[in-house]
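S.K.: Residue numbers (my numbering), protein chains in the order written: chain X, 633 to 745; chain F, 633 to 745.
Even for Gly, the Cβ is constructed at its ideal location relative to N, Cα and C.
Just so it is clear, the structure is predicted and the values come from calculations on it, not from any experiment.
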DNA sequence: GCAACATATACCCATATCGGTATGCGTCAA
DNA sequence: TTGACGCATACCGATATGGGTATATGTTGC
């Protein structure tokens with residue numbers, strides 16, 4: 633089974649640092665493959681492969697421009713990730729306190745759910 | 633090389649659906665391993681392994697409670713993810729418009745799809 | 001058509017990953 | 001101490017991944 637397919641899963645797509653770099657770079661504007669590869673120090677095939685993953689999960693869109701293929705950001709797919717993490721927002725401020733209180737609760741009453 | 637180690641990388645840690653489930657479940661309160669495994673339909677070793685990954689990136693903390701080991705959420709590590717995706721917030725509202733304008737700028741025509 | 005260029009894909013390799021089963025280790029109760 | 005329980009880890013197998021090189025596909029210009 634190995635890991636779930638990166639395809640069709642935004643969380644997996646952005647798990648790769650270089651793909652995050654690509655997305656970040658595309659915020660500044662659309663770019664053809666070779667340019668992306670150069671700016672990020674990737675080989676052309678390397679860039680193409682990462683772009684394919686991003687394309688398949690819908691985070692980038694491509695269109696032909698003569699010999700080139702220009703990639704542009706389509707960040708809508710990142711929204712679910714932002715919202716998912718946002719669901720933990722109130723926890724990352726006082727994780728410790730919360731943990732302690734829960735621990736104490738558990739100590740005396742083994743309540744599950 | 634394969635993928636970058638999941639260890640010490642929160643993005644990778646949450647790329648796995650079951651690990652996200654674990655985190656979500658822990659929002660409701662701390663839990664021992666077996667309980668987590670049961671509620672999520674995982675084998676005990678399976679749960680332990682996912683918990684290990686989460687522990688190594690600091691998303692959960694564990695403490696001994698007799699025979700049991702109770703895991704609790706430490707969501708602080710999710711904040712960077714939330715912020716990173718937040719950096720794209722203004723794009724996912726009008727991705728298309730933005731894309732379109734770029735398209736028009738780059739070459740006066742040509743939008744696929 | 002042909003050459004040059006841009007990109008995608010095919011392969012191959014080394015490795016990491018998830019899942020399962022078996023097992024080791026620590027803890028508690030009797 | 002012994003046995004049951006809770007959990008971690010070792011090990012194995014199947015597969016996916018990232019990276020590199022070679023090559024196929026497609027486009028442009030001559």
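(1) Thinking just about the alpha-carbon of each residue, which of 705/X, 696/X, 718/X is nearest to the one in residue 656/X?
(2) Give the single residue among 676/F, 686/F, 665/F, 679/F whose Cα lies nearest to the Cα of residue 647/F.
(3) Which residue comes first and which comes last in the beta strand (DSSP E) that contains residue 653/F?
(4) Using a C-beta cutoff of 8 Å, does residue 646/X count as contacting chain F?
(5) Could you give the DSSP three-state label for residue 705/F: helix, strand or coil?
(6) So, helix, strand or coil for residue 699/X, using DSSP?
(7) Between the region 715 to 726 of chain F and chain X, which residues of the former have CB atoms less than 8 Å from a CB of the latter, in chain order?
(8) For residue 678/X, count the other beta carbons within 10 Å of its own beta carbon; 16 or more makes it buried, fewer makes it exposed. Which is it?
(9) Residue range of the alpha helix (DSSP H) that residue 716/X falls in?
(10) Identify which residue in 690/X, 694/X, 688/X has its Cα closest to the Cα of residue 668/X.
(11) Is there at least one Cβ from chain X nearer than 8 Å to residue 665/F's Cβ?
(12) Go through its chain and collect everything with a Cβ distance to residue 683/F's Cβ below 8 Å, but skip five positions before and after it.
(13) Output yes or no for whether 8 Å exceeds the beta carbon distance between residue 718/F and residue 714/X.
(14) Below 8 Å on the Cβ atoms is my contact criterion, and I expect residue 723/F with residue 707/X to pass it. Report the Cβ-Cβ distance as a whole number of Å.
(15) Using the Cβ count rule (16 or more neighbours within 10 Å means buried), how would you classify residue 659/X?
(16) Name the residues in the region 685 to 700 of chain X whose C-beta lies less than 8 Å from a C-beta of chain F; which are they?
(17) Decide if residue 675/F is buried, meaning its Cβ has at least 16 other Cβ atoms within 10 Å, or exposed.
(18) For a contact defined as C-beta to C-beta under 9 Å, what are the partners of residue 679/F on chain X?
(19) State the Cα-Cα distance for the pair residue 579/F and residue 710/F, rounded to the nearest angstrom.
(20) Given that residue 669/F touches chain X, what residues does it touch there, using C-beta distances under 7 Å?
(21) Within the 8 Å Cβ cut-off, does residue 660/X reach chain F?
(22) On the three-state DSSP scale, how would you describe residue 642/F?
M.R.: The relevant details are as follows:
(1) What you label residue 656/X is simply residue 24 of the first chain in a count that begins at 1. The option with the nearest alpha carbon to residue 656/X is 705/X.
(2) The residue you call residue 647/F lines up with position 15 of the second chain. Minimum Cα distance to residue 647/F is reached at 686/F.
(3) Translated into the one-based positions of the second chain, residue 653/F becomes position 21. Looking at the DSSP string, residue 653/F is not in any beta strand (DSSP E); the run it does join, the alpha helix (DSSP H), is 649 to 658.
(4) Within the first chain, the letter at position 14 stands for residue 646/X. Taking 8 Å as the threshold, the shortest C-beta distance from residue 646/X to chain F falls below it.
(5) Counted from its first residue, the second chain places residue 705/F at position 73. Correct three-state label for residue 705/F: strand.
(6) Taking the first chain and counting its residues from 1, one reaches residue 699/X at position 67. Correct three-state label for residue 699/X: coil.
(7) 716, 717, 718, 719, 720, 721, 723, 724
(8) Locating residue 678/X in the first chain gives position 46, counting from the first residue. Exposed: under 16 other Cβ atoms inside 10 Å.
(9) Looking up residue 716/X in the first chain gives position 84. Looking at the DSSP string, the run of the alpha helix (DSSP H) that includes residue 716/X is 711 to 718.
(10) In the first chain, residue 668/X corresponds to position 36, counting from 1. Nearest of 690/X, 694/X, 688/X to residue 668/X, Cα basis: 694/X.
(11) To locate residue 665/F, count along the second chain from 1; it is residue 33. Taking Cβ atoms only, chain X never reaches closer than 8 Å to residue 665/F, which makes this a no.
(12) On the second chain, residue 683/F is found 51 positions in, with the first residue counted as 1. 654, 665, 668, 692, 694, 703.
(13) As a first step, residue 718/F is located in the second chain; it is residue number 86 there, counting from the start. As a first step, residue 714/X is located in the first chain; it is residue number 82 there, counting from the start. Yes, the Cβ-Cβ distance between residue 718/F and residue 714/X is below 8 Å.
(14) Counting from one through the second chain, the residue named residue 723/F turns up at place 91. Counting from one through the first chain, the residue named residue 707/X turns up at place 75. Between the beta-carbon of residue 723/F and that of residue 707/X there is about 4 Å, and that keeps the pair under the 8 Å contact cut.
(15) Locating residue 659/X in the first chain gives position 27, counting from the first residue. Counting Cβ neighbours within 10 Å, residue 659/X comes out exposed, since fewer than 16 surround it.
(16) 693, 694, 695, 696, 697, 698
(17) For the purposes of this step, residue 675/F is taken as residue 43 along the second chain, with counting starting at 1. By the neighbour-count rule (16 or more Cβ atoms within 10 Å), residue 675/F is not buried but exposed.
(18) Within the second chain, residue 679/F is the residue found at index 47, counting from 1. Per Cβ cutoff of 9 Å: no residues; residue 679/F is ~14 Å from chain X at best.
(19) Only positions 633 to 745 of chain F appear in this structure, which leaves residue 579/F out of reach.
(20) Sequence index remark: in the second chain, residue 669/F carries index 37 (1-based). By Cβ distance, chain X contributes nothing, its closest Cβ being about 12 Å from residue 669/F, past 7 Å.
(21) Sequence index remark: in the first chain, residue 660/X carries index 28 (1-based). No, residue 660/X does not count as interfacial toward chain F.
(22) Your numbering for residue 642/F matches position 10 in the second chain. Residue state, collapsed to three classes: helix.
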